[in-house]
Structures are given as structure tokens and as C-alpha cells.
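Engineer: After the C-alpha cells below, expect a handful of questions from me.
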Amino acid sequence: MSDGETSLSDSGSESPVCVELPPQPFIREHTVSSTSAQVSWSGPHNGELISFYELQLQEARLDGQGKNIHWFCSQTEEHLENLTPGTTYLLRVRSLNVAGAGRWSAPYKFGTMPSVAGMPLDPAPVTVTVRRCRKPQKKTIFIPAP
12 MSDGETSLSD
22 SGSESPVCVE
32 LPPQPFIREH
42 TVSSTSAQVS
52 WSGPHNGELI
62 SFYELQLQEA
72 RLDGQGKNIH
82 WFCSQTEEHL
92 ENLTPGTTYL
102 LRVRSLNVAG
112 AGRWSAPYKF
122 GTMPSVAGMP
132 LDPAPVTVTV
142 RRCRKPQKKT
152 IFIPAP
């Protein structure tokens with residue numbers, strides 16, 4: 012094969028493999044302290060192929076001048092360190108596979124715990140965990156009369 016084409020074959024004949032774009036992740040839980048956060052999101056369902064995830068983290072500032080970083084990971088959770096105490100952040104995640112990049116998750120807002128004056132950062136960290144559920148989706152199926 013040439014020109015960047017990819018084919019999977021177990022014999023002399025070629026058999027194309029159809030891979031769809033990955034689904035949009037749903038950020039479902041975070042745990043925070045004053046300088047760190049652990050965030051998790053929905054993984055693949057029904058055998059969907061996911062190569063890795065792209066994450067975007069930015070400070071939620073009205074002037075839009077906050078830090079904005081991108082990185083990649085292979086798990087459905089990520090531990091964020093060196094965050095600023097008492098700061099609100101926005102996180103987005105999207106799945107990628109050989110077909111390309113899926114849609115970004117909805118922006119997920121979380122905040123780190125404020126620091127306490129005179130106390131070292133996270134001596135025995137207080138953490139807060141937030142879990143959320145995806146709203147149930149209703150599906151209507153019409154069955155034709157016999």
C-alpha cells in the first residue's frame with residue numbers, strides 16, 4: 012500500500028476495515044484539593060476503537076488570558092498537578108482513533124480548594140469528590156403494524 016492508505020489483511024487478499032469516528036466523551040467525576048485534581052470520563056462502549064484522548068485545560072477567566080494547555084493520554088482518567096489554589100478551570104476531552112478525532116466533550120468546570128493563610132499547601136489535603144450521571148436518554152421505536 013502507498014499514499015498513506017492502511018489495510019488490515021490476514022491473507023494475500025485485502026479486506027477493508029471500516030472504523031467510525033469515536034463518540035463524544037462524558038466527564039463524569041472529579042476530585043480536587045488545593046493544587047491537584049483527578050478527573051475521569053466515559054470510555055469506549057460496544058467495542059469502539061479508541062487510540063488515545065486529547066485533553067484541553069484552561070483557567071476559566073473572563074478576560075480569556077488564563078493558561079491553556081493541551082496533552083494526550085491513553086486512560087479514561089487523568090491526575091492534574093501544580094494547579095493554582097482557589098482557581099476555576101475548564102476541561103474538555105475528545106477521543107481519537109484511526110478515523111480521526113471525535114467531538115469535544117462539553118466544557119467541564121471545576122475549581123481547586125482555596126489555600127488557608129499561614130498553612131503550607133496540602134499538608135494533609137482536604138479533597139472534594141463530585142460525581143455526576145448522564146441524563147437518561149429516551150428512545151422511541153415505531154413498530155409497523157402487521
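Quick note: my numbering has the sequence shown finishing at residue 157, numbered continuously throughout. C-beta atoms are modelled at their ideal positions from N, C-alpha and C, and glycine is treated no differently. Remember, predicted model here, so these are calculated numbers, not experimental data.
1) Answer yes if the segment 98-110 comes into contact with the segment 52-71, meaning at least three C-beta pairs across the two stretches below 8 Å, and no otherwise.
2) Could you tell me the alpha carbon to alpha carbon distance between Ser-116 and Pro-34, rounded to whole angstroms?
3) Does the segment 34-47 come within contact of the segment 66-80, defined as at least 3 CB pairs closer than 8 Å?
4) What does Cys-84 pair with, by DSSP beta-bridge criteria?
5) So what does Gly-111 bridge to, in DSSP terms?
6) Name the DSSP bridge partner or partners of His-79?
Structural biologist: Let me lay it out:
1) yes
2) 9 Å
3) no
4) Tyr-64
5) Asn-108
6) For clarity, residue 79 is Asn in the given sequence; the question names His instead. DSSP output for Asn-79 lists Gln-69 as bridge partner(s).
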